[in-house]
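Single-structure report; data block below.
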Amino acid sequence: MGVALLDLISGPTRTADVTSGASVPGDSEFQFELSVCQWVERHWPPDGTLADDTATIVARQLGTKHRRWDTVVVECDRHALRARAAFGERELDSDLLHVVGNAPAEWAWYRDALPEPGYPWRYVREAVHRAADRGLVERRRRGNRVQLRRKRPYPDWVDRVVAIENKPDLDRSAARALVDQLERDVALGLADEVWVATAATGGTVEPALLEAVPVEAGILVVEPDDATVAWHPGALAVDDPGTRIRDRPAGGDHDASAARFEYADADWKRDKRLAIAERAYGRGWRSYADSMRPDCRHFTLRDTASGVLPYCEGKACHQTAGECRGSCGEFEPEPPAWRTRGWPIDGGPGAGIKRLLARQRRRQRPGLEE
Ligand code: SF4
3 MGVALLDLIS GPTRTADVTS GASVPGDSEF QFELSVCQWV ERHWPPDGTL ADDTATIVAR
63 QLGTKHRRWD TVVVECDRHA LRARAAFGER ELDSDLLHVV GNAPAEWAWY RDALPEPGYP
123 WRYVREAVHR AADRGLVERR RRGNRVQLRR KRPYPDWVDR VVAIENKPDL DRSAARALVD
183 QLERDVALGL ADEVWVATAA TGGTVEPALL EAVPVEAGIL VVEPDDATVA WHPGALAVDD
243 PGTRIRDRPA GGDHDASAAR FEYADADWKR DKRLAIAERA YGRGWRSYAD SMRPDCRHFT
303 LRDTASGVLP YCEGKACHQT AGECRGSCGE FEPEPPAWRT RGWPIDGGPG AGIKRLLARQ
363 RRRQRPGLEE
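Numbering (the working numbering), first residue to last: 3 to 372.
Set out below in structure tokens:
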């Protein structure tokens, strides 16, 4: 892996002489994001090694209603992760987690068995039915009452949640825009660590840029097949209450408004972390194919130094997710003649690409059938 720690600490602020800038593995922030996800899946953590009993799940574009992280790394207990597989490859949303995580070992009326939800019980009853329909719990009726019983305990599989913000071109304006988001992440402390990943080039990161980013945020300089820690992150207090920064005035002569904060209690953070981990489990980072057009005749996957990335033969470039849609001017459906054997059930090469990516995702989740 060749990861090296740069000796950057110089008093309370940061200075650095690392190379970073505009040369991105792939040609866009989207492709850079995929490159970072692949690198993380193969090499995490950036410095040192994981314990033998720790595994990782990598996903992209996950977070809360107010904050979406580019890349999410869930560090898991390997044995508990295998036990999680017994609940299927699809994610469990927060309503299902409420049911599955609290289902009793013996038959009980759901209102007796489950904790007060904080929202109407009828939604809990619906979630009990959904959980039973998916085979996650057992259900029966006794008179008018719906009872449930667990099939197996839901495992405690999530150790740490790490957020990575991808900024391939960390110039002065990009760093400035990041600062506000990162300060909010640090104040809330929902992730155990927050990182910025940037691309390596021949340029030099200005010390002023690094000083602008909160010291708690780590900086990772990513090359096509390697990464270097430019700054180590601090551990955030995920078990403590956090502060949600709702509004922060720009200041100056024309803005004398007050900042607005909210309190985020530790229970909310614990539940939210588990919900994010579940989404990561269900989606991973290869689900990009679901929102692109692998059924276009120009869509292909190309093996690059940064890993396997989507490539458009028609435009001769690594396309973005935004342009690779049915509205793309150069979209051409794959010819029916390509869809041999099994068509239309199995589809052609586009469906094959989706199946390949789904199979690769399952491989990262021990205990699931391939
Ligand atoms: S032509 Fe358009 S839709 Fe087809 S692969 Fe390229 S970007 Fe995607």
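Every residue, glycine too, gets a C-beta built ideally from N, C-alpha and C.
DSSP beta-bridge partners for Gly244? The sequence position of residue 244 within the sequence shown is 242, counting from 1. According to DSSP, Gly244 bridges with Ala266.
For Thr200, count neighbouring Cβ atoms within 10 angstroms of its own Cβ and tell me buried if that reaches 16, exposed if not. For this step, residue 200 is matched to residue 198 along the sequence shown. With a threshold of 16 other beta carbon atoms within 10 Å, Thr200 meets it and is buried.
For Ala261, count neighbouring C-beta atoms within 10 Å of its own C-beta (all shown protein chains included) and say buried if the count is 16 or more, exposed if not. For the purposes of this step, residue 261 is taken as the residue at position 259 of the sequence shown. Counting Cβ neighbours within 10 Å, Ala261 comes out exposed, since fewer than 16 surround it.
Near the ligand SF4: Glu31 beta-carbon under 7 Å from a heavy atom: Here residue 31 is taken as the residue at index 29 of the sequence shown, counted from 1. Incorrect: Glu31 has no Cβ contact closer than 7 Å to the ligand SF4.
Between the CA atoms of Ala239 and Asp267 - distance to the nearest angstrom: Residue mapping note: residue 267 aligns to position 265 of the sequence shown, counting from 1. Residue mapping note: residue 239 aligns to position 237 of the sequence shown, counting from 1. Distance from the CA atom of Asp267 to the CA atom of Ala239, rounded to whole angstroms, is 12 Å.
Quick one: what does DSSP say Pro368 is sitting in, helix, strand or coil? Here residue 368 refers to the residue found at position 366 when the sequence shown is read from its first residue. In the displayed model, Pro368 falls within coil according to three-state DSSP, outside both helix and strand.
Spatial distance of Gln149 from Ala110 (CA atoms): Translated into positions along the sequence shown, residue 149 becomes position 147. Translated into positions along the sequence shown, residue 110 becomes position 108. Their Cα atoms are separated by approximately 5 Å.
Check: Arg295 C-beta below 7 Å from any heavy atom of the ligand SF4: To locate residue 295, count along the sequence shown from 1; it is residue 293. Yes, the Cβ of Arg295 comes within 7 Å of a heavy atom of the ligand SF4.
Delimiting residues of the beta strand (DSSP E) encompassing Gly220: Working through the sequence shown from its first residue, we reach residue 220 at position 218. Where Gly220 is concerned, the enclosing beta strand (DSSP E) stretches over Gly220 to Glu225.
Would you kindly check if the distance between the Cβ of Val198 and the Cβ of Glu167 is under 8 Å? For this step, residue 167 is matched to residue 165 along the sequence shown. For this step, residue 198 is matched to residue 196 along the sequence shown. Contact: yes.
Measure the Cβ-Cβ separation of Asp79 and Asp55 and say whether it is below 8 Å. On the sequence shown, residue 79 is found 77 positions in, with the first residue counted as 1. On the sequence shown, residue 55 is found 53 positions in, with the first residue counted as 1. In contact: Asp79 and Asp55 (Cβ atoms closer than 8 Å).
Starting from Asp55 and walking both ways along the alpha helix (DSSP H), at which residues does that stretch end? Locating residue 55 in the sequence shown gives position 53, counting from the first residue. No alpha helix (DSSP H) holds Asp55; DSSP gives it neither H nor E.
Could you tell me whether the region 54-68 touches the region 359-369, where touching means 3 or more Cβ pairs closer than 8 Å? yes
What residues match up with Ile355 in a beta bridge as DSSP calls it? Indexing the sequence shown from 1 puts residue 355 at position 353. Bridge pairing for Ile355: absent [DSSP].
For the region 259-332, list the alpha helix (DSSP H) runs that are entirely contained and at least 4 residues long, ordered along the chain. Inside the region 259-332, DSSP marks whole alpha helix (DSSP H) runs of 4 or more residues at positions 268-285 and 290-293, from first to last along the chain.
Express the C-alpha separation of Leu222 and Ser37 in angstroms, rounding to a whole number. As a working note, residue 37 is residue 35 in the sequence shown. As a working note, residue 222 is residue 220 in the sequence shown. Going by the C-alpha atoms only, they are around 13 Å apart.
Take Gly328 and list the residues in its own chain whose beta-carbon comes closer than 6 Å to its own, dropping the five residues that flank it on each side. Position 326 of the sequence shown holds residue 328. Nothing listed; no residue qualifies.
Does the separation of the CB atoms of Trp123 and Arg113 fall below 8 Å? Here residue 123 refers to the residue found at position 121 when the sequence shown is read from its first residue. Here residue 113 refers to the residue found at position 111 when the sequence shown is read from its first residue. With respect to the 8 Å criterion, Trp123 and Arg113 are classified as neighbours on the basis of their beta carbons.
Simplified DSSP assignment, three categories, for Leu190: As a first step, residue 190 is located in the sequence shown; it is residue number 188 there, counting from the start. Helix, per DSSP.
Any heavy atom of the ligand SF4 nearer than 6 Å to the CB - residues listed: The set of residues with a C-beta under 6 Å from any non-hydrogen atom of the ligand SF4 comprises Arg295, Cys298, His300, Phe301, Cys314, Gly316, Lys317, Gln321, Glu325, Cys326, Cys330, Glu332 and Phe333, given in chain order.
Residues near Val102 by beta carbon distance below 8 Å, same chain, minus five either side: On the sequence shown, residue 102 is found 100 positions in, with the first residue counted as 1. Excluding residues within five positions, the ones whose Cβ falls inside 8 Å are Phe89, Leu94, Ala133, Leu138, Val139, Arg152 and Tyr156.
Determine the closest residue to Tyr1 out of Trp41, His45 and Arg86, with distance taken between C-alpha atoms. Given that the chain is displayed from residue 3 to residue 372, the structure contains no residue 1 and the question cannot be resolved.
Measuring alpha carbon to alpha carbon, tell me which of Leu192, Arg174, Ala232 and Arg136 ends up nearest Arg92. Within the sequence shown, the letter at position 90 stands for residue 92. Here the closest residue by C-alpha is Arg136.
Could you check whether the region 38-45 touches the region 324-340, counting it as contact only if at least three pairs of C-beta atoms, one from each stretch, sit closer than 8 Å? The region 324-340 and the region 38-45 do not touch, with fewer than three beta-carbon pairs separated by less than 8 Å.
Rank Ile247, Leu212 and Arg272 by C-alpha distance to the C-alpha of Val231 and give the top, closest one. Position 229 of the sequence shown, counting from 1, holds the residue named residue 231. For the residues Ile247, Leu212 and Arg272, the minimum Cα distance to Val231 belongs to Leu212.
Residue nearest to Thr245 in terms of C-alpha spacing, selected from Pro235, Asp228, Trp270 and Trp233: Position 243 of the sequence shown holds residue 245. When only C-alpha atoms are compared, the closest one is Trp270.
Spatial neighbours of Glu264 within its chain, please: CB distance less than 6 Å, with the 5 preceding and 5 following residues excluded, ordered by chain position. On the sequence shown, position 262 is the one that residue 264 refers to. If we look at Glu264 and ignore the five residues flanking it on each side, its Cβ neighbours are Arg246 and Arg248.
Rounded to whole angstroms, what is the Cα-Cα separation between Pro293 and Arg144? The residue given as residue 293 occupies position 291 in the sequence shown. The residue given as residue 144 occupies position 142 in the sequence shown. At residue 293 the sequence reads Ser, which differs from the Pro that was named. Using only the alpha carbons, I get a separation of about 44 Å.
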